[in-house]
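Read the structure below first, then the notes.
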Amino acid sequence: MYNRIFISCLLLLILFACKNEDKKPADTGASTKDSLSEKQSLTDTYFFKTMEGTIAGKPVVMHIVKAADRIDANYYYVEQGQTIFLTRNWEKTSGDSVYLIEITNITSGKSPSLAMAISADGIKGTWTSGDATTSYPIDLKESAIQPSINVVAIGAVDSAQYLKFKKDTPTLKTAVSVIAAADENQAWLNEKVKGFLGAGSKGDSPGLPMQQVVNNKVKQAVDGYGAEVDSSIVGIADDGPHYFLNREYEAIGNVLFNQNGYLVLSMYSYAYTGGAHGNYGTSMYCFDVTAKKQLSLGDLLSIDSTTMQQLLEQHYRKQYAVPASTPLNTRLFVKKLEPNNNFYFSPKGLGFSYAPYEIASYADGEIKVWIPFAELKPYLNADFVKRMQL
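FYI, our numbering numbers position 61 of the sequence shown as 62, with every residue one higher than the one before it.
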């Protein structure tokens with residue numbers, strides 16, 4: 002059940018597969034040429050980079066993806082090792098800078114923010130505390146860390162307009178960007194990623210280059226927009242407004258960890274299909290690059306469900322300031338916080354991500370609970386401990 006929630010937004014992209022003469026497409030922003038072997042730079046329209054440097058003088062590692070005008074990033078302090086997820090600051094326009102907010106105290110509106118400028122030489126900017134009283138410099142360069150697997154960002158973006166109304170023009174915007182293996186010898190990873198996107202459906206033949214798979218997903222949404230609107234306007238007045246017919250579909254992948262023979266990917270997806278707000282979620286995918294397989298939680302640790310539940314609840318309360326005396330279901334939809342299949346790991350801990358509505362309200366956003374490996378060490382599998390150098 003859990004992964005269905007997280008990838009539902011991605012699957013919506015696949016539903017729009019009918020041709021429509023009223024679409025008005027924009028540039029895709031990507032060639033049909035398979036560019037997996039090309040080296041990406043910080044000035045490219047699409048890139049993935051692992052960056053190293055400092056924030057407030059403390060060593061950090063950041064993973065950042067640029068997909069046309071979209072940015073996805075996460076970072077961790079080397080000493081602590083906990084992944085800090087970043088989201089766009091929608092109150093600020095991008096211009097020549099990138100404005101991001103840490104997803105650490107989102108519901109209070111007091112999360113730290115990052116303002117960064119990206120150039121060919123690296124990333125510089127300013128980290129500002131949630132109360133706006135403290136600021137520190139950001140200084141990052143391309144990382145020299147040897148990755149488990151060399152990866153790049155592959156993406157496409159497009160839009161369409163519905164032109165049959167006289168007074169307004171509903172619009173579709175769609176974008177897909179994924180992390181893909183740059184090495185042809187690691188094609189197994191790209192086949193996995195294609196599967197996450199629903200490849201194998203209309204227009205996708207076996208062995209299709211990753212760039213073409215991404216292009217197809219975007220094209221399917223554009224081509225189907227007119228038919229989708231046609232099916233939604235029965236009995237609707239022509240004079241509008243028709244803002245509820247606007248559509249937006251977005252998927253953007255990133256790396257969370259890429260060392261020690263392991264690779265951890267995230268895939269954020271968003272879908273607006275009318276109504277008060279869009280739906281979104283982040284799917285996590287953990288891989289053993291050496292064995293060329295996707296990991297289950299049992300590949301990392303052996304632990305009974307009661308102990309895992311207790312650890313999750315303990316760290317949820319700590320991270321979200323919920324007193325031990327407060328029943329969980331006063332803040333969540335559940336009385337017990339159990340692990341799901343949407344897990345990830347960082348250099349020093351294990352995390353679980355829960356989508357809006359999965360265990361809490363939409364206003365609570367995505368809930369991520371992180372448990373340090375130090376507290377899980379009695380349960381970690383020996384091979385995992387050895388490879389992670391714990």
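Glycine included, C-beta positions come from ideal geometry on N, C-alpha and C.
Closest to residue i by CA distance: which of the options is it?
| i | options | result |
| --- | --- | --- |
| ASP169 | THR134, PRO138, GLY241 | GLY241 |
| ASN186 | ALA356, GLN147, LYS293 | LYS293 |
| LEU190 | ASP140, VAL235, TYR286, LYS387 | TYR286 |
| GLY299 | ALA383, GLU367, ASN330, TYR317 | ALA383 |
| HIS64 | ALA356, SER267, TYR250, GLU367 | SER267 |
| ASN247 | ILE124, VAL66, PHE166 | PHE166 |
| ALA364 | PRO328, TYR281, LEU312, MET309 | TYR281 |
| ILE56 | SER136, THR283, VAL335, VAL256 | SER136 |
| GLU339 | LEU115, ALA322, THR308, GLU92 | THR308 |
| VAL61 | ALA69, LYS67, THR51, ASP70 | THR51 |
| LYS182 | ILE372, VAL256, ALA322, GLU314 | Note on identity: in this sequence residue 182 is Ala, with Lys being the wrong assignment. Closest option to ALA182, Cα to Cα, is VAL256. |
| MET389 | PRO324, SER354, ASN261 | ASN261 |
| THR175 | ALA222, LYS195, LEU164 | ALA222 |
| LEU367 | THR94, GLY126, THR105 | A small correction: the amino acid at residue 367 is Glu; Leu does not occupy that position in the sequence shown. Residue THR105 is the option with its Cα nearest to GLU367. |
| ALA121 | LYS193, THR46, ILE150 | THR46 |
| THR94 | TYR250, TYR226, ASP70 | ASP70 |
| PRO171 | ALA228, ALA356, ILE372 | ALA228 |
| MET211 | VAL323, ASP224, TYR226, LYS193 | LYS193 |
| GLY276 | SER114, LYS387, GLU249 | GLU249 |
| GLU99 | TRP91, PRO113, MET117, PHE245 | The sequence given here places Val at residue 99; Glu does not occur at that position. The shortest C-alpha separation from VAL99 is found at MET117. |
| LYS337 | SER114, LEU312, GLN320 | LEU312 |
| VAL265 | LYS59, GLN213, SER284, SER233 | SER284 |
| ALA375 | TYR269, PRO357, LYS369, LEU351 | LEU351 |
| GLN320 | GLU251, ASP231, ILE372, SER297 | ILE372 |
| ILE460 | TYR163, ALA188, ILE155 | The structure shown has nothing for residue 460, since the chain only spans 2 to 391. |
| TYR163 | GLY208, ALA133, TRP128, ASP231 | ASP231 |
| HIS278 | LYS195, THR331, TYR244, GLY225 | TYR244 |
| GLN295 | VAL335, PRO324, LEU115, ASN342 | ASN342 |
| GLU53 | ALA68, LYS67, VAL79, ALA252 | VAL79 |
| TYR269 | GLY58, PRO357, LEU209 | PRO357 |
| GLN310 | VAL335, SER114, SER297, THR327 | VAL335 |
Considering only their Cβ atoms, is the gap separating residue j from residue i smaller than 8 Å?
| i | j | result |
| --- | --- | --- |
| TYR263 | VAL290 | yes |
| VAL153 | PHE258 | no |
| ILE360 | LEU333 | yes |
| LEU1 | ILE124 | Residue 1 is absent from the structure shown; the chain starts at 2 and stops at 391. |
| GLY131 | LYS111 | yes |
| GLY1 | SER178 | With the chain running from 2 to 391 in the structure shown, residue 1 is simply not present. |
| ASP184 | ASN151 | yes |
| VAL219 | LEU198 | no |
| LEU43 | ILE139 | no |
| VAL386 | HIS316 | no |
| TRP128 | PRO113 | yes |
Could you check what DSSP says for residue i in three-state terms: helix, strand or coil?
| i | result |
| --- | --- |
| TRP91 | coil |
| PHE288 | strand |
| VAL230 | helix |
| LYS111 | coil |
| ALA222 | helix |
| GLU80 | coil |
| HIS64 | strand |
| THR274 | coil |
| LEU312 | helix |
| ALA74 | strand |
| THR44 | coil |
| GLY254 | strand |
| TYR281 | strand |
| LEU302 | strand |
| TYR321 | coil |
| VAL1 | Residue 1 cannot be examined here, being either before or after the span of the chain that is shown, 2 to 391. |
| LEU264 | strand |
| LYS25 | Only weak support exists for where LYS25 lies, its pLDDT of 41 falling under 50; the value from the coordinates is given anyway. Correct three-state label for LYS25: coil. |
| GLN295 | strand |
| THR105 | coil |
| THR33 | In this predicted model, THR33 has a pLDDT of only 36, less than 50, meaning its place in the structure is not dependable enough to derive any value. |
| GLN390 | coil |
| SER38 | At SER38 the pLDDT is 47, less than 50, meaning the model places this residue with poor confidence; the figure from the coordinates comes in the next sentence. SER38: coil per DSSP, three-state reduction. |
Chain B beta carbons: is any one of them nearer than 8 Å to that of residue i?
| i | result |
| --- | --- |
| ILE155 | Annotation note: the requested chain B is absent from the structure, which comprises a single protein chain. |
Counting pairs of Cβ atoms below 8 Å between the region 299–318 and the region 377–388, do you hit three or more?
Flag = yes, the region 299–318 and the region 377–388 touch.
Touch check for the region 83–101 and the region 347–357: three-plus C-beta pairs under 8 Å?
yes
Report the residue ranges of all beta strand (DSSP E) runs contained in full by the region 126–201; include only those spanning at least 3 residues, in chain order.
Complete beta strand (DSSP E) runs here, min 3: 136–143, 152–162, 172–182.
Could I get the ranges of all uninterrupted beta strand (DSSP E) runs contained in the region 325–388, with 3 residues as the minimum, in chain order?
344–347, 350–355, 368–373
Meets three-Cβ-pair contact criterion under 8 Å: the region 65–75 and the region 86–105
yes
Assess contact between the region 135–148 and the region 156–175, defined as three or more Cβ pairs (one per stretch) separated by less than 8 Å. Is contact present?
Judged by pairs of C-beta atoms under 8 Å, the region 135–148 does not touch the region 156–175, as fewer than three such pairs exist.
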